[in-house]
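With UniProt numbering, letter number 121 in the sequence shown gets 121, and the count goes up by one each step, no holes. What follows is one structure encoded as structure tokens, with my remarks underneath.
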Amino acid sequence: MTAQLDINQLLDQLENGLRRMIEDRQVADPVVIGIRTGGVWLADVLAKRLGIEGPIGELDISFYRDDFSRIGLNPRVKPSSLPFDTEGRDILLIDDVIMSGRTIRAAMNEIFDYGRPASIILATLIDLGARELPIQPDVTGRTLELDANQRVKLRGPDPLRIELQETGH
């Protein structure tokens, strides 16, 4: 794969796309939620770029995954933190990579357990396009097709960088 992944260029794409979505949907006071870990790092950066004040929500969707019984509990699970009411709010949901759609489904299930939002705008840095569920980001920095032996990983939080990794398979 020859794709060059410039984190600043991808962040610019996300910021511009989110600005358009917020304007098009006439969202006045959004809250920002990141999915741990990379999504939280991105949510922090994007909230600052967009001038959104207030705390950033953090979701750890481990208990909400539909494959929880198969993969078990990650020993680093921390509770989610949503330091604002989600009921009736417009939410910017941020994640680093979308592939199957299962992580986003789990995140939305958890958000709805806290309250019913008015809307959710989904932004992901990388879209790998290997959907198993009909969930699509509203805004994405870049769509990639990886070979079976490749993985993409966001590293951070300071500085944020994207690594393409080769696996042994």
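Glycine included, each C-beta is placed from N, C-alpha and C at the ideal position.
Put residue i into one of helix, strand or coil per three-state DSSP.
i, result
"Phe68", "Reliability fails at Phe68, whose pLDDT of 49 lies under 50, so the model's placement of it is uncertain and no value is given."
"Pro164", "With the sequence shown as reference, residue 164 is identified as Leu, and Pro is not the correct amino acid for it. DSSP places Leu164 in strand when its eight states are reduced to three."
Could you name the residues of the same chain whose beta carbon sits closer than 7 Å to that of residue i, not counting the 5 residues immediately before and after it, in chain order?
i, result
"Lys153", "Glu163, Gln165"
"Thr86", "Ile111, Tyr114, Gly115, Pro117"
"Ala130", "Met99, Ser100"
"Met21", "Ile121, Asp138, Val139"
"Gly39", "Ile94, Asp95, Asp96"
Bridge partners of residue i, per DSSP?
i, result
"Ile7", "DSSP lists no partner for Ile7."
Could you pull out every residue in the same chain whose Cβ sits closer than 6 Å to the Cβ of residue i, ignoring the five residues on either side in sequence?
i, result
"Tyr64", "Ala106, Asn109, Glu110"
"residue 173", "The requested residue 173 is not part of the displayed model; the chain covers only 1 to 169."
"Thr124", "Asp95, Ile98, Pro137, Thr140"
"Phe84", "Val31"
"residue 178", "Residue 178 lies beyond the range of the chain shown here (1 to 169); nothing can be said about it."
Suppose the cutoff is 8 Å on Cβ atoms and the five residues either side in sequence are ignored; what does the same chain contact list for residue i look like?
i, result
"Pro134", "Gly101"
"Arg25", "Asp90, Ser119, Ile121"
"Asp18", "According to the sequence provided, residue 18 is Leu. The question's Asp does not apply to it. Excluding sequence neighbours, Leu18 sits near Leu46, Leu50, Leu92, Ile121, Ala123, Val139."
For the UniProt domain "Phosphoribosyltransferase" (11 to 148), which segments carrying the alpha helix (DSSP H) assignment without a break, of at least 4 residues, lie completely within its bounds, in sequence order?
Entirely contained in the UniProt domain "Phosphoribosyltransferase" (11 to 148), the alpha helix (DSSP H) runs reaching 4 residues are, in chain order, 38 to 50, 68 to 71, 102 to 114.
Between the segment 136 to 147 and the segment 27 to 40, are three or more C-beta pairs nearer than 8 Å?
Flag = no, the segment 136 to 147 and the segment 27 to 40 do not touch.
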